[in-house]
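> Sending over a structure as structure tokens; questions will come in a sec.
Numbering (UniProt numbering), first residue to last: 1 to 247.
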């Protein structure tokens with residue numbers, strides 16, 4: 001029954017059995033992603049989030065067959081083309097698909113009273129380094145962690161924020177004024193770039209290219225380096241990261 005602690009597991013078992021019967025293959029690396037391949041090289045991809053499903057593929061006839069099959073098995077509502085999902089806005093055009101988090105960004109700035117802040121042209125002061133200063137003035141750690149967590153959710157569509165947000169996240173245990181100033185600068189940059197996102201162009205030659213880089217002993221506290229990478233499919237980013245090295 002809905003609301004019981006066993007409900008999510010029971011629902012997943014039920015929907016997983018359905019996909020198996022319909023000859024879908026579960027992705028070995030992402031257990032909520034199911035793929036069905038057809039003999040004519042068409043493919044149907046279904047992503048599951050709790051009891052919400054989004055799907056795409058190479059043939060609209062498959063879409064209708066899938067929806068008909070789902071309605072026979074489950075009580076469901078067809079909401080049409082995806083426009084908003086888990087805080088991500090999806091705008092579909094004939095030329096391609098654009099994803100962004102403009103609405104979420106506005107709500108974030110309003111929540112932390114940064115909606116009237118002055119804009120800046122970069123998320124960090126060029127060359128600025130942060131440190132763990134034991135003599136620095138402490139700030140509200142709970143508020144700092146909330147700000148950092150909210151910014152990290154923006155990284156789903158904002159590769160340009162990845163390095164700066166991951167940098168300020170290193171100081172959540174004991175944030176001081178210089179760390180708070182850095183995180184507020186990120187929000188000031190966000191104020192002027194809320195409309196930015198990722199554009200996935202249709203009919204583009206889809207060549208997969210990966211790029212990586214790192215600094216050298218850039219962390220002033222432990223002299224560890226920071227590595228970053230981005231994978232591009234065509235001209236659009238599909239995966240990216242910035243992380244301090246373990247060694």
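Using N, Cα and C, we set each Cβ at its ideal position, and we do this for glycine too.
All values reported here derive from a predicted model rather than from experimental measurement.
1. Quick check: the Cα distance between residue 63 and residue 37, rounded to an integer number of angstroms?
2. Give a yes or no on whether the C-beta atoms belonging to residue 159 and residue 105 are separated by under 8 Å.
3. Can you tell me whether residue 61 is helix, strand or coil according to DSSP?
4. State buried or exposed for residue 49, treating a residue as buried only when at least 16 other CB atoms are found within 10 Å of its CB.
5. Excluding sequence positions up to five away, which residues of its chain have a Cβ less than 6 Å from the Cβ of residue 125?
6. Cβ of residue 112 within 8 Å of Cβ of residue 152?
7. Any contact of the segment 203-222 with the segment 178-186, i.e. 3+ C-beta pairs under 8 Å?
8. Compare the beta carbon distance of residue 173 and residue 137 with 8 Å and say whether it is the shorter of the two.
9. What beta strand (DSSP E) runs, 3 residues minimum, are completely inside the segment 138-220?
10. Who are residue 56's beta bridge partners in DSSP?
11. Would you kindly report the start and end of the unbroken alpha helix (DSSP H) that includes residue 15?
12. Within 10 Å of its beta-carbon, does residue 168 have 16 or more other beta-carbons around it, so buried, or fewer, so exposed?
13. Based on Cα-Cα distance, which residue from 30, 241, 80 and 116 lies nearest to residue 231?
14. Around the C-beta of residue 144, are 16 or more other C-beta atoms found within 10 angstroms, so that it is buried, or is it exposed?
15. What is the DSSP secondary structure of residue 75, counted as helix, strand or coil?
16. Does the distance from the CB of residue 95 to the CB of residue 201 come in under 8 Å?
17. Tell me residue 237's beta-bridge partners as DSSP assigns them.
18. Specify, as a first and last residue, the run of the alpha helix (DSSP H) that residue 107 falls within.
19. Thinking C-beta only, is residue 99 closer than 8 Å to residue 157?
20. Look at the alpha carbon of residue 10 and the alpha carbon of residue 51, and state the distance between them as a whole number of angstroms.
21. Taking the continuous beta strand (DSSP E) assigned at residue 131, which residues delimit it?
22. Going by C-alpha distance, which of 7, 130, 102 and 212 is nearest residue 155?
23. For residue 161, which of 133, 190 and 179 has the nearest alpha-carbon?
24. Would you call the CB atoms of residue 46 and residue 34 closer than 8 Å?
25. On the premise that residue 85 lies in contact with residue 54, defined as a C-beta separation below 8 Å, what is that separation, rounded to the nearest angstrom?
Working from what's here:
1. The residue given as residue 63 occupies position 63 in the chain shown. The residue given as residue 37 occupies position 37 in the chain shown. The alpha-carbon atoms of residue 63 and residue 37 are separated by roughly 13 Å.
2. Here residue 159 refers to the residue found at position 159 of the chain shown. Here residue 105 refers to the residue found at position 105 of the chain shown. No, the pair does not count as a contact, with Cβ atoms beyond the cut-off.
3. Mapped onto the chain shown, residue 61 falls at position 61. DSSP places residue 61 in helix when its eight states are reduced to three.
4. Residue mapping note: residue 49 aligns to position 49 of the chain shown, counting from 1. That one is exposed.
5. Locating residue 125 in the chain shown gives position 125, where the first residue counts as 1. If we look at residue 125 and ignore the five residues flanking it on each side, it has no Cβ neighbours.
6. Numbered from its first residue, the chain shown carries residue 112 at position 112. Numbered from its first residue, the chain shown carries residue 152 at position 152. No, the Cβ-Cβ distance between residue 112 and residue 152 is not below 8 Å.
7. no
8. Here residue 173 refers to the residue found at position 173 when the chain shown is read from its first residue. Here residue 137 refers to the residue found at position 137 when the chain shown is read from its first residue. No. Outside cutoff.
9. 197-201 and 208-214
10. Here residue 56 corresponds to residue number 56 of the chain shown, with the count starting at 1. Residue pairing for residue 56: DSSP places it in a beta bridge opposite 45.
11. Your numbering for residue 15 matches position 15 in the chain shown. Counting along the chain, the alpha helix (DSSP H) containing residue 15 begins and ends at 7-21.
12. The residue labelled residue 168 in the question sits at position 168 within the chain shown. Looking at its Cβ environment, which holds 16 or more other Cβ atoms inside 10 Å, residue 168 is buried.
13. On the chain shown, residue 231 is found 231 positions in, with the first residue counted as 1. Considering only alpha carbons, the answer is 241.
14. Reading the chain shown from its first residue, position 144 is the one you call residue 144. Burial call: buried.
15. Here the question's residue 75 lines up with position 75 in the chain shown. In this structure, residue 75 counts as coil in the three-state DSSP scheme.
16. Working through the chain shown from its first residue, we reach residue 95 at position 95. Working through the chain shown from its first residue, we reach residue 201 at position 201. Yes.
17. Here residue 237 refers to the residue found at position 237 of the chain shown. DSSP output for residue 237 lists 232 as bridge partner(s).
18. Taking the chain shown and counting its residues from 1, the one referred to as residue 107 is at position 107. 102-111 is the span of the alpha helix (DSSP H), which, as asked, contains residue 107.
19. Residue numbering aside, residue 157 sits at position 157 when the chain shown is read from its first letter. Residue numbering aside, residue 99 sits at position 99 when the chain shown is read from its first letter. A contact, by the Cβ cut-off of 8 Å.
20. Within the chain shown, the letter at position 10 stands for residue 10. Within the chain shown, the letter at position 51 stands for residue 51. Using only the alpha carbons, I get a separation of about 11 Å.
21. On the chain shown, position 131 is the one that residue 131 refers to. Counting along the chain, residue 131 falls outside any beta strand (DSSP E), and DSSP gives it neither H nor E.
22. Translated into the one-based positions of the chain shown, residue 155 becomes position 155. Answer by Cα proximity: 102.
23. By 1-based counting over the chain shown, the position of residue 161 is 161. The residue with the shortest Cα to Cα distance from residue 161 is 190.
24. Translated into the one-based positions of the chain shown, residue 46 becomes position 46. Translated into the one-based positions of the chain shown, residue 34 becomes position 34. Contact: yes.
25. Position 54 of the chain shown, counted from the first residue, corresponds to residue 54. Position 85 of the chain shown, counted from the first residue, corresponds to residue 85. Yes, they are in contact, since the Cβ atoms of residue 54 and residue 85 sit about 6 Å apart, within 8 Å.
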